[in-house]
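Numbers 7 to 58, taken from our numbering, label the letters of the sequence shown in order.
All C-beta atoms in this analysis are idealised placements derived from N, C-alpha and C, irrespective of residue type, glycine included.
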Amino acid sequence: HQLDGSSTRKYGGTGLGLALVKKIIEAHGSMISVESIPGKSSTFEFMLRTVE
């Protein structure tokens, strides 16, 4: 979720993307994690199971 509208004006979007990704990842029985350096970058990591 986006904290305020300033990033929406700057980058576009509604801020729902990560919330939707989280729901999809969890629906597949996995988790998503984030490591963030404020003002610099964020790294998102997830793993999905493969079908054998």
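Original post:
Is DSSP giving residue 40 helix, strand or coil here?
Top reply: The three-state reading of DSSP puts residue 40 in strand, counting E and B together.
Subject >> residue 8 to residue 22 span [Cα, whole Å] >> reply: Any reading at residue 8 must be qualified, since the residue scores a pLDDT of 47, below 50, and its modelled position is unreliable; the value itself is stated next. Straight-line Cα distance between these residues: approximately 8 Å.
Original post:
Across which residues does DSSP place residue 51 in a beta bridge pair?
Top reply: Paired residue(s): 39.
**OP:** Taking residue 63 as part of the alpha helix (DSSP H), name the residues at either end of that continuous run.
**Re:** With the chain covering 7 to 58 only, the question about residue 63 has no answer from this structure.
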